[in-house]
Amino acid sequence: MSADTHTAAREFAVPLEVELGEEHNLARLAWRRAEQDPDHVSFEVFDQTWQPITATEHRDGVAAAAKGLIASGVEPGDRVAIMAGTSYAWIQLDCAVWAAGGATVPIYPSSSASQVEWIVRDSGARLVVVETPEMAQTVAEAGVDVPVLCLDDGAVAELTARGADVDDATLEQRRDAVTLDSAASIIYTSGTTGRPKGCVVQQRNLAAEAQGLLSQPIGVAAAPGRRVLMFLPLAHVLARAVTYATSEGGATVGFWGDFGTIVDKFASFRPHLILGVPRVFEKVHDGIRAKADEAGGAKAAIFRRAEKVAADSSRAQESSDTGGPGAGRALRAQHAVFDRLVYRTIRDALGGQCDTVISGGGALGASLAHFFRGVGVPVYEGYGLTESCAAITVNQPTMTRVGSVGRPIAGNAVRISDDGEIQLRGGVVFAEYWRNPEATAAAFDDGWFRTGDLGTLDDGYLSITGRSKDIIVTAGGKNVAPGPMEEELRAHPVVGHAMVVGEGRPFVAALVTLDPDGVRRWAAEHDRGDSTAEQLVDDDDLRAEVQQAVDRASALVSRAEGIKKFTLLADDFTEETGELTPTLKVKRHVVEKMYADQIEALYVR
1 MSADTHTAAR EFAVPLEVEL GEEHNLARLA WRRAEQDPDH VSFEVFDQTW QPITATEHRD
61 GVAAAAKGLI ASGVEPGDRV AIMAGTSYAW IQLDCAVWAA GGATVPIYPS SSASQVEWIV
121 RDSGARLVVV ETPEMAQTVA EAGVDVPVLC LDDGAVAELT ARGADVDDAT LEQRRDAVTL
181 DSAASIIYTS GTTGRPKGCV VQQRNLAAEA QGLLSQPIGV AAAPGRRVLM FLPLAHVLAR
241 AVTYATSEGG ATVGFWGDFG TIVDKFASFR PHLILGVPRV FEKVHDGIRA KADEAGGAKA
301 AIFRRAEKVA ADSSRAQESS DTGGPGAGRA LRAQHAVFDR LVYRTIRDAL GGQCDTVISG
361 GGALGASLAH FFRGVGVPVY EGYGLTESCA AITVNQPTMT RVGSVGRPIA GNAVRISDDG
421 EIQLRGGVVF AEYWRNPEAT AAAFDDGWFR TGDLGTLDDG YLSITGRSKD IIVTAGGKNV
481 APGPMEEELR AHPVVGHAMV VGEGRPFVAA LVTLDPDGVR RWAAEHDRGD STAEQLVDDD
541 DLRAEVQQAV DRASALVSRA EGIKKFTLLA DDFTEETGEL TPTLKVKRHV VEKMYADQIE
601 ALYVR
């Protein structure tokens, strides 16, 4: 690892020891794996019990689906959209699209009709594959004239039947024409203003992500014999990239799409590696604490003490790693006791053999990171965007600094601009925004991608200090663009301003101010006389009126992005009181500080 000698504090690069070649192209991974080890269990799916899918079975299934796509009229370079939950079928179709020479366009299963309409039309998708009839109805409501296949209605079997007359030579020609410079996917980001932009991710970017991770200490988590349970949405670039990286490394990947029952699947699948977002680990921690609290008495007290000892042990480990004193004898003894009483139970809840956890998609609190490392399940936090094909930095074994998002993975570099912006360069950084050269040009500074995030570098470890772009990332890793919902809310006569919140939180909420004139009119129309906003802020009928506006705003986005709760503020935001700029834009950081108690109250159970 090396940092640029004259910008050591503001730039850090890690070289990739291997030169990327077509032998690393993931479009041919299914064929490589089947040739190397035909009986290797590449994937597992749950049907009463976990059922294996060998490398040979995977290759043959991909080939059959790819032939069906060719027979359906998919030409080289065409786009095929997938709107489905996490499952093996998602990956099978993704690989089939590549083998047919196309590029995949992911759509979140919870997307609204308007979101589907934009993504399908802008990408020019030739075919949409959905999971359920309900999703097919959403596509129909979007009004796009594109063929739709439904997985629940036998889409894979339908494609297999369609491709029966396509010969192997035709498929091989298509597959072999896919190079590292070919588009692998067009992934749509959450836009702060206007429509979301499509990120063109090349095969080169995915291969660089896989090789970068596998060439570093964290790569041992993907070795043959290891097990990885994938439950994050495969429409998210993080889940998809890590699926291919671990598959490339030889691990067995299992899929489960129901987050509500994931703890049961930890126990049955027994993964070595878990990929999650902060909300996953918050739920695990909160669930364990809640059980202790329900038991009350000594059990609750034991857990609270064990929690503190775990965090203290982790901090002592970090101190030791940096030349500090490390854990003393008393702390080590307490840790040994609680390991038998508490920590072993927590590890068992994750399947009993999980030794590597990767967290991305949002900020993981330092206290939570210390807790899990202290109980023997280190959570390695990373950083990346769709434009960087998932992780470009990550903490990992032998190289961890809690509170940071780690150093760059091999083949990439990070720098901090003069104004504090995090900028990226390397093999994982995307090619361009789809059919949007103006946005592409604006996104780069002398070859460095401008993330819009703020941060610092210390010995190569990147720490995130803020966001300069208006994207909210929830604890579940969902990217939410607040602008459209805020605009819809402001359009209501009784609403003055609205600010959507939810950064690092379990759901999206909002602060809504009352417009004095609008409230005065509403009061006159609803027999409230000359009541003021302050007098009406708790009025049930007025709250119902605002709730209707909230519902309309939430209808613009997916269910996961919608506003779950709101609080009404009697006083409108103004420039004089500091909440607005001279151009009447909300100063988010000011409002968050001024109304911290009200925001916190939205998340109190």
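Numbering follows full-length UniProt numbering, in which position 250 of the sequence shown is assigned residue number 250; successive positions increment by one, without gaps. For each residue, glycine too, the CB sits at the ideal point set by N, CA and C.
CA-to-CA, the gap between Pro233 and Trp256 works out to about 10 Å.
Proximity of the stretch 325 to 337 to the stretch 399 to 414 falls short of the contact definition, fewer than three beta-carbon pairs being nearer than 8 Å. By the Cβ neighbour-count rule, Asp122 is buried, with 16 or more other Cβ atoms within 10 Å of its own.
With contacts defined by Cβ atoms closer than 7 Å, Gly374 and Ser314 form a contacting pair.
Around the beta carbon of His589, fewer than 16 other beta carbons lie within 10 angstroms, which makes this residue exposed.
Sequence-distant partners of Lys197 (beyond 5 residues in either direction) whose C-beta falls short of 8 Å from its own C-beta, in its chain, are Tyr188, Thr189, Gly191, Tyr433, Trp434, Asn436 and Ala439.
Within the stretch 441 to 492, the complete alpha helix (DSSP H) segments at least 4 residues long are 483 to 490, listed from N- to C-terminus. In the structure shown, Phe46 falls within a strand segment according to DSSP collapsed to helix, strand and coil.
Within the DSSP secondary-structure output, Ala55 pairs in no beta bridge. As the crow flies, the alpha-carbon of Glu576 is around 29 Å from that of Val480. A residue is called buried once 16 or more other Cβ atoms fall within 10 Å of its Cβ, and Gly21, having fewer, is exposed. The residues Ala560 and Glu561, in chain order, have a CB closer than 7 Å to that of Lys478 in the same chain once the five nearest residues on each side in sequence are set aside. Per DSSP, reduced to three states, the secondary structure at Gly382 is strand. Within the same chain, and ignoring the five residues on either side of Ala301 in sequence, no residue has its Cβ closer than 7 Å to its Cβ.
In this structure the stretch 215 to 224 does not lie against the stretch 438 to 454, because fewer than three pairs of beta carbons, one per stretch, are closer than 8 Å. Per DSSP, Val228 lies in no alpha helix (DSSP H) segment; the continuous beta strand (DSSP E) that holds it begins and ends at Arg227 to Met230.
Taking the Cβ atoms as the reference, Leu489 lies roughly 4 Å from Ala498, within the contact range of under 8 Å. In this structure Leu273 does not touch Thr252 by the C-beta definition: roughly 11 Å separates them, more than the 8 Å allowed.
Scanning its chain for C-beta atoms nearer than 7 Å, with the 5 sequence neighbours on each side dropped, one finds around Val45 the residues Gln51, Ile53, Tyr88 and Phe255, in chain order. The continuous beta strand (DSSP E) containing Met83 extends over residues Arg79 to Met83. Looking at the DSSP output, Leu568 sits in a beta bridge with Val512. DSSP places Ile599 in the uninterrupted alpha helix (DSSP H) bounded by Ala596 to Leu602. Shown here, Ala184 sits in a strand according to DSSP, grouped into three states. In terms of Cβ geometry, Val200 and Thr386 do not form a close pair [threshold 7 Å]. Judged by their CB atoms, Arg415 and Tyr461 are not nearer to each other than the 7 Å cut-off. Cβ-Cβ distances below 6 Å link Ser110 to Ser558, Arg559 and Ala560 in the same chain, with the five nearest sequence neighbours on each side left out; the list follows chain order. In this structure, DSSP gives Ala103 an extended state, which the three-state scheme calls strand. Membership of Gly249 in the alpha helix (DSSP H) is indicated by the continuous run Val237 to Gly249. DSSP assignment within the stretch 514 to 577 yields the following whole alpha helix (DSSP H) runs of 4 residues or more, N-terminal first: 516 to 525, 533 to 536 and 540 to 554.
Beta-bridge partners assigned by DSSP to Phe12: Val414. Cβ contact annotation for Ala96 (same chain, cutoff 7 Å, sequence separation greater than five): Val62, Ala65, Ala66 and Leu69, in chain order. Beta-carbon to beta-carbon, Ala142 and Glu117 are separated by about 4 Å, close enough to satisfy the 8 Å threshold. When DSSP reads this structure, Thr170 sits in no beta bridge, so it has no partner. Here Gln115 is buried, its C-beta having at least 16 other C-beta atoms within 10 Å.
In this structure, the straight-line span from the alpha carbon of Thr243 to that of Gln535 is close to 55 Å. Our two residues, Ala235 and Val130, have alpha carbons roughly 12 Å apart in a direct line.
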